[in-house]
Each structure stands twice: as structure tokens, then as C-alpha cells.
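Numbering (the numbering used here), first residue to last: 643 to 890.
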């Protein structure tokens, strides 16, 4: 006949459970305290580094990139702005720097929209923003511009980086590029901005009706190109602003 568990054995079992729970709790507290201590030391070290090299981080693109890479590896985003960057943004003053760059990007995009239809090459945008900032503003890179463009999303103005035939471009109007427009822009980049119907027919195997309709849509509907109705070679050619070289 099997004997049941006595009260004494039951008490010992409950006591063992309580002892293990207390030990686990003590170990957890010790681990948390140790983690907080390590984080405080780490934060102190990074704070000292950031304070010492603040100007280099803000003005030297290569140094800033290396700093960003170091921070990314530990899950810290120092350029996220005051809300997301927290004490990093306050410490480095990079939150304001990022938004200032964003304002300059908007300035360039708006001032050039009449001639490029709201689509500008990334390299051209970097060049014009750098010119606007002047020497005292410090150098900027494509990476800086891309990060600032992300801060412009709440504006709902359509600011977005797109890639066309391996070339980064910044779209700053609320409209998406369709496949036909993307194909035309790729050819325009190769031809210095000039596109004719025969280019699309020969290279993309389009019908003449499709080529003409796509180019007319870019001209009349989207405002992404100009029409030269007296082109010397083809009689009718379209010039895509964003693929043209401008001396500004």
C-alpha cells in the first residue's frame, strides 16, 4: 500500500520552493545592479568621447560616419533628433543639426522644383546643399542627406530617396514613379537628359503609341520634362530636367 506524503515532507517541499525563489530574486537583483553599473560606466565613457570630439562629429563627414557606425553596433542612434536621440541629441547638439540640414534640403528642393519637376539627383542635391551651407557649415555626405530626409516624412510632402538605374535620386513631390517613367529616366541619364520616342522603341521594344503617351504624360501630367518641338535631329525631343547638368 502506497503511503501519502506527510505534513513534514510537505512543509520541507514548500520551504525549498521559497528558498529557491528568494535565491533567484537575489541573483536577479544582483544581475540588474551589475548591469546598471556597467551601463553607467559605458555611458560615462561615451559621454566623454562625444564631448571631446563634438566638433569633429558635426563637421567632419568621415569622422561622423565612423561615429555613427560605432553607435549602430551597440544600438544607439545619436542623430535621431531630440525625441528619439534623448540625451545624445542634447549632448551633441546633433538633433538641431539634423533638422537644420533638413530645412536646407527642403530649401534646395523647392527652389529647383520648377526646373526639375520635383526629382533631383542625390549628387546634385548634396552639391547644392553644400554650397548653401558654405565652408563654415561643415561637409555633408549622401548618408547625412538620407538620414535628414527621413526626418521630413511627417511633413507629408513626398520626400523620398529612389534609385533609378543605379543612381540615387530624391523625389520631393507627392507622386510615385511608374515603370514607364523609371525607364524614361534611365535613358535620359544616359543621353544627358534628351529623350526621343525612337530611344524607347529601340531599347525597350515599346510601340510608338506607348512611347509617345509615356513622354506626353511626363510632360503634361507630371511636369518632369520640357519639349523641344524643333529638335534638329528628331524634330521632337523631350528634355528631362533631373538628368540634365545645371551650373548653379
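Every residue, glycine too, gets a C-beta built ideally from N, C-alpha and C.
These figures come from a predicted structure and were not determined experimentally.
Using a threshold of 8 Å, state whether the C-beta atoms of residue 744 and residue 794 are closer than that.
Residue 794 is positioned such that its CB atom lies closer than 8 Å to that of residue 744.
Length of the line joining the Cα atoms of residue 812 and residue 805
If you draw a straight line from the Cα of residue 812 to the Cα of residue 805, it is about 9 Å long.
Residue 886 beta carbon less than 8 Å from that of residue 834:
Yes, the Cβ-Cβ distance between residue 834 and residue 886 is below 8 Å.
Is there contact here, the region 817-825 with the region 867-883, by at least three beta-carbon pairs under 8 Å?
For the pair of segments examined, the region 817-825 was found not to touch the region 867-883: the number of CB pairs separated by less than 8 Å stays below three.
How is the beta strand (DSSP E) around residue 869 delimited, first residue to last?
Boundaries of the beta strand (DSSP E) around residue 869: 867-873.
Entirely within the region 781-860 and at least 4 residues each: give me those alpha helix (DSSP H) ranges in chain order.
DSSP runs (the alpha helix (DSSP H)) wholly in the region 781-860: 784-793, 821-832, 839-846, 850-858.
Helix, strand or coil: which one does DSSP assign to residue 877?
When secondary structure is reduced to three states using DSSP, residue 877 falls in the strand class.
Whole-angstrom distance between residue 883 and residue 766, CA atom to CA atom
Here the C-alpha atom of residue 766 lies approximately 12 Å from the C-alpha atom of residue 883.
Considering only the alpha carbon of each residue, which of 790, 862, 845 lies closest to residue 739?
That would be 790, whose Cα lies nearest to the Cα of residue 739.
Relative to the C-alpha of residue 832, which residue among 854, 747, 800, 808 is closest?
Taking only the C-alpha atoms, the option nearest residue 832 is 808.
Please say whether residue 826 and residue 845 have beta carbons closer to each other than 8 Å?
In this structure, residue 826 does not lie closer than 8 Å to residue 845 by Cβ.
Measure the C-alpha to C-alpha separation of residue 785 and residue 695 and round it to an integer number of angstroms.
If I take the Cα positions, the gap works out to 20 Å.
For a quick check, are the C-beta atoms of residue 703 and residue 781 less than 8 Å apart?
Their beta carbons are under 8 Å apart, which means residue 703 touches residue 781 by this criterion.
With a Cβ-Cβ cutoff of 8 Å, do residue 879 and residue 836 count as a contact?
Yes, the Cβ-Cβ distance between residue 879 and residue 836 is below 8 Å.
Can you tell which of 796, 817, 788 has its C-alpha closest to the C-alpha of residue 810?
For residue 810, the nearest C-alpha among the options comes from 788.
From residue 673 to residue 783, what distance separates their C-alpha atoms?
Residue 673 and residue 783 have their C-alpha atoms some 42 Å from each other.
Paired residues, beta bridge with residue 882 - DSSP
867.
Terminal residues of the alpha helix (DSSP H) in which residue 770 lies:
Unbroken alpha helix (DSSP H) run through residue 770: 764-775.
To the nearest angstrom, how far is it from the Cα of residue 839 to the Cα of residue 873?
The alpha-carbon atoms of residue 839 and residue 873 are separated by roughly 12 Å.
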